[in-house]
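Undergrad: Let me give you the structure first, and then I'll get to my questions.
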Amino acid sequence: MKVIKTDARYKYHTSGFVHIIEFKTTLSDRQKFQSVLKAAEDMYGPSENWTQQNSWGYRDLNPNYRVDYSRKQKRRRIYLKTERDLTFLLLKGQAF
């Protein structure tokens, strides 16, 4: 697990998500990812909601965090806006 404060090179930086929690594919990191993701869903709700209007599906993204899965690069990331959210998630998810 790695915590990164981003600069403009990273995905979602222009949307205001400047803190990243990155997890690799080891067993311990997968368990930490699940616990932190569950804590984020408890605090803010699901990362995305699908709604259907006029036979079209729309995805509403959570304004507080984003989740990114990359199988090719073997990592999972959670993007957060504030350092306060980062601290709460790590403490609530017991991922230290």
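Sequential numbering from 976 applies to the sequence shown in our numbering. Backbone N, C-alpha and C define an ideal beta-carbon position, used for all residues, glycine too.
#1: How many angstroms separate the CA atom of W1031 from the CA atom of T1000?
#2: Just list the beta strand (DSSP E) runs in the region 1011 to 1051, keeping only unbroken ones of 3 residues or longer that don't cross its boundaries, in chain order.
#3: Along the chain, where does the beta strand (DSSP E) that runs through F998 open and close?
#4: Roughly how many angstroms separate the alpha carbons of S1003 and V1042, rounded to a whole number?
#5: Using CA atoms only, rank isn't needed, just tell me which of R1005, E1058 and H994 is closest to R1046.
#6: Just mark L1012 as buried or exposed, buried being the case when its beta carbon has 16 or more other beta carbons within 10 Å.
#7: Taking the alpha helix (DSSP H) that K1067 belongs to, which residues open and close that run?
#8: Given a cut-off of 8 Å, decide if Y1054 and F998 are closer than it, judged by their beta-carbon atoms.
TA: According to the structure shown:
#1: Within the sequence shown, numbered from 1, the residue matching residue 1031 stands at position 56. Within the sequence shown, numbered from 1, the residue matching residue 1000 stands at position 25. Rounded to whole angstroms, W1031 and T1000 show a C-alpha spacing of 35 Å.
#2: 1023 to 1028, 1031 to 1036 and 1040 to 1045
#3: As a first step, residue 998 is located in the sequence shown; it is residue number 23 there, counting from the start. From DSSP, the beta strand (DSSP E) with F998 extends over H994 to F998.
#4: The count along the sequence shown starts at 1 and reaches residue 1003 at position 28. The count along the sequence shown starts at 1 and reaches residue 1042 at position 67. About 18 Å.
#5: For the purposes of this step, residue 1046 is taken as the residue at position 71 of the sequence shown. It is R1005 whose Cα lies nearest to the Cα of R1046.
#6: One-based indexing of the sequence shown puts residue 1012 at position 37. When all chains shown are included, L1012 counts as buried.
#7: Position 92 of the sequence shown, counting from 1, holds the residue named residue 1067. Here the alpha helix (DSSP H) through K1067 covers E1058 to G1068.
#8: What you label residue 998 is simply residue 23 of the sequence shown in a count that begins at 1. What you label residue 1054 is simply residue 79 of the sequence shown in a count that begins at 1. No, Cβ-Cβ distance for F998 and Y1054 is not below 8 Å.
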